[in-house]
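Enquirer: Per the numbering used here, numbering of the sequence shown is gapless, rising by one per residue and ending at 1523.
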Amino acid sequence: MKGVTILGATGSIGVSTLDVLARHPDRYRVVALTARGDVERLLQQCLAHHPRYAVMVEEAAARELRAKLKQHGEKTEVLAGARALEEVAALAECDYVMAAIVGAAGLLATLAAVKAGKRVLLANKESLVMTGALFMRAVRDHGAELLPIDSEHNALFQCMPGGYRAGMQPPGVRRLLLTCSGGPFRGWSREQRRAVTPDQACAHPRWKMGRKISVDSATLMNKGLEVNEARWLFDLPAERIEVVVHPQSVVHSLVEYADGSVLAQLGNPDMRTPIACGLAWPERIQAGIEPLDLFSVARLDFEPPDVGAFPCLGLAIEAAKAGGSAPLVLNAANEISVQAFLSGKLRFTAIAEVVDETLQRCALAAVDSIEAVLERDRRARRLATDFAVKLMEQPA
Ligand code: NAD
Ligand code: MG
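(1) Would you list the residues whose beta-carbon is nearer than 6 Å to any heavy atom of ligand 2, in the order they occur in the chain?
(2) Three Cβ pairs or more, each shorter than 8 Å: is that satisfied between the stretch 1490-1506 and the stretch 1429-1445?
(3) Using the Cα positions of R1156 and P1178, report the straight-line distance between them to the nearest angstrom.
(4) Can we count G1405 as close to ligand 1, meaning its CB is less than 8 Å from some heavy atom?
(5) Between the Cα of F1361 and those of P1454, G1259, K1335, spot the shortest distance and give me the residue it belongs to.
(6) Could you name each continuous beta strand (DSSP E) segment of 3 residues or more that falls completely within the stretch 1233-1285, going from the start of the chain to the end?
(7) Within the chosen definition, does the stretch 1340-1354 reach the stretch 1310-1317 through at least 3 CB pairs nearer than 8 Å?
(8) Can you give the beta carbon distance from K1335 to S1139, rounded, assuming they're within the 8 Å contact cut?
(9) What is the DSSP secondary structure of T1324, counted as helix, strand or coil?
(10) Excluding the five sequence neighbours on either side, which residues of its own chain have a C-beta within less than 6 Å of the C-beta of L1248, listed in chain order?
(11) Which whole-angstrom value is the C-beta distance of L1390 and V1382, which I expect to be below 8 Å?
(12) What did DSSP end up calling I1402 once you bin it into helix, strand or coil?
(13) Relative to the alpha-carbon of A1219, which residue among V1256, K1242, E1417, A1136 has its alpha-carbon at the smallest distance?
(14) Nearest CA to the CA of H1280: which residue from L1212, T1306, D1268, V1300?
(15) Which stretch, first to last residue, makes up the alpha helix (DSSP H) that contains I1416?
(16) Does the beta carbon of E1253 fall short of 8 Å from some heavy atom of ligand 1?
(17) Kindly indicate the opening and closing residues of the alpha helix (DSSP H) around T1306.
(18) Could you tell me whether any non-hydrogen atom of ligand 1 is closer than 8 Å to the CB of N1458?
(19) Between the Cα of A1149 and those of G1290, V1131, G1135, spot the shortest distance and give me the residue it belongs to.
(20) From which residue to which residue does the beta strand (DSSP E) around R1156 run?
(21) Starting from L1192, trace the beta strand (DSSP E) both ways and give me its first and last residue.
(22) Can you tell me whether S1376 is helix, strand or coil according to DSSP?
(23) Can you tell me whether M1225 is helix, strand or coil according to DSSP?
(24) Return yes when the C-beta of K1339 is under 8 Å from any heavy atom of ligand 1, and no when it is not.
(25) Whose C-beta lies closer than 7 Å to the C-beta of L1304 among residues of the same chain, with five residues either side of it excluded?
(26) Is there at least one Cβ from chain B nearer than 9 Å to G1314's Cβ?
(27) Work out the CA separation of L1234 and R1210 for me, nearest whole Å.
(28) Please confirm whether any heavy atom of ligand 1 lies closer than 8 Å to the CB of L1501.
This is the structure:
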């Protein structure tokens, strides 16, 4: 029986994780569930899964959840504040940690799980993009087991040689081919892209996801973050990672070997597949997925990405090649501008402008500690906010 903590239980990945866990009560026990402030959803999850601990980052939400659980006679202990995320990620009774908080907010709790030597199921790609080498060193130093949950990286992991562990440079691999749906605005004109609304950006054609990653998928920043993520998970330079647009989202990524073999992982687009894979690895368990019907898929298309139309992808690939502080500055500026876009203050096409400007203003530096990462992250956020405000003040 494995004890599981879910960081970000109320989100899209958190909900899918609980769906898989509920299918296997003989294998997994829920130890802790966390959320920022969604009391109602965390309450329902606690009533269904009876975790030992629940964490709410917002204090008022924690008080409300505590009172409601008491009314229901539940014994779950409610903790409050961001530090409690790190505590439940490192509990002795927890074997596996699903890292599914969105953005830099997930960094310290994900690292706490790594430092406690857990099996870490990594959905929170931003934490790896921000800290790269530091993160992978912590995985090695603390004997953690890192399993990629991002569907593309999970696919790549499944196509690796037997016994492969994330962080090793895979022997005999020539290239990684990272597939990309192309997002909802593939083929749209510049005028159309300028006028995109938050709701349009969040209506992804293939995947139902949280709002931040939905916008990232629409700008193709998500794929750029994923190039950075793959760079660290598989210890290969960005030059050996190629992005391939594949609108059907059935081939989740491919590994090309030195002998010309190309291995791919296919499946219906549903995050419960990589989640179940990470939980049970190297075994295989039911995840509630319909079999893939190749006759109804019928054809698989592949094309190169349009970096001119989606500059975020190019910026992220350049940041991966530059290394040092570039990926973390890119991530910080992206989080600021996506938030501004989602709250209706910034145009869709301005997201790339803010990221570009912030990268230009933050001199490239080496980052050799988490404190240095956090300091750079704060500075990049200030610069990105200043520039975003300038763009907001300009006439449309
Ligand atoms: P989401 O917005 O649906 O959920 C985010 C979760 O994080 C929620 O539980 C929320 O309460 C919590 N959270 C938000 N801000 C927080 C804060 N400041 N402190 C603590 N907790 C906070 O997001 P999602 O779509 O589930 O994505 C989660 C992560 O997984 C992201 O990093 C995303 O890139 C990655 N991912 C998601 C998918 C997907 O299909 N949704 C696929 C691949 C990777
Ligand atoms: Mg992905």
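All residues carry an ideal CB built from backbone N, CA and C; glycine is no exception.
Computed from a prediction, not measured in an experiment: that's the story for all the values here.
Expert: Working from what's here:
(1) Residues lining ligand 2 by the Cβ criterion, that is a Cβ closer than 6 Å to any of its heavy atoms, are D1277, S1278, E1279, E1353 in chain order.
(2) no
(3) 8 Å
(4) Incorrect: G1405 has no Cβ contact closer than 8 Å to ligand 1.
(5) Check the Cα spacing between F1361 and each of P1454, G1259, K1335: the tightest is with G1259.
(6) 1246-1249, 1272-1275
(7) yes
(8) 7 Å
(9) coil
(10) Here the set comprises M1225, L1274, I1276, G1405.
(11) 5 Å
(12) Under the three-state reduction of DSSP output, I1402 falls in the helix class.
(13) K1242
(14) T1306
(15) Taken as a continuous stretch (DSSP letters only), I1416 belongs to no alpha helix (DSSP H), as it is neither H nor E.
(16) yes
(17) Not the alpha helix (DSSP H): T1306 falls in the beta strand (DSSP E), residues 1300-1307.
(18) no
(19) Nearest to A1149 by alpha-carbon distance, out of G1290, V1131, G1135, is V1131.
(20) Counting along the chain, R1156 sits inside the beta strand (DSSP E) bounded by residues 1155-1162.
(21) Counting along the chain, L1192 falls outside any beta strand (DSSP E), though it belongs to the alpha helix (DSSP H) covering 1186-1198.
(22) coil
(23) strand
(24) In this structure, ligand 1 has a non-hydrogen atom nearer than 8 Å to the beta-carbon of K1339.
(25) E1369, V1371, S1380, L1381, E1383
(26) No chain B is present in this structure, which holds just one protein chain.
(27) If you take the alpha carbons of R1210 and L1234, they lie about 12 Å apart.
(28) no
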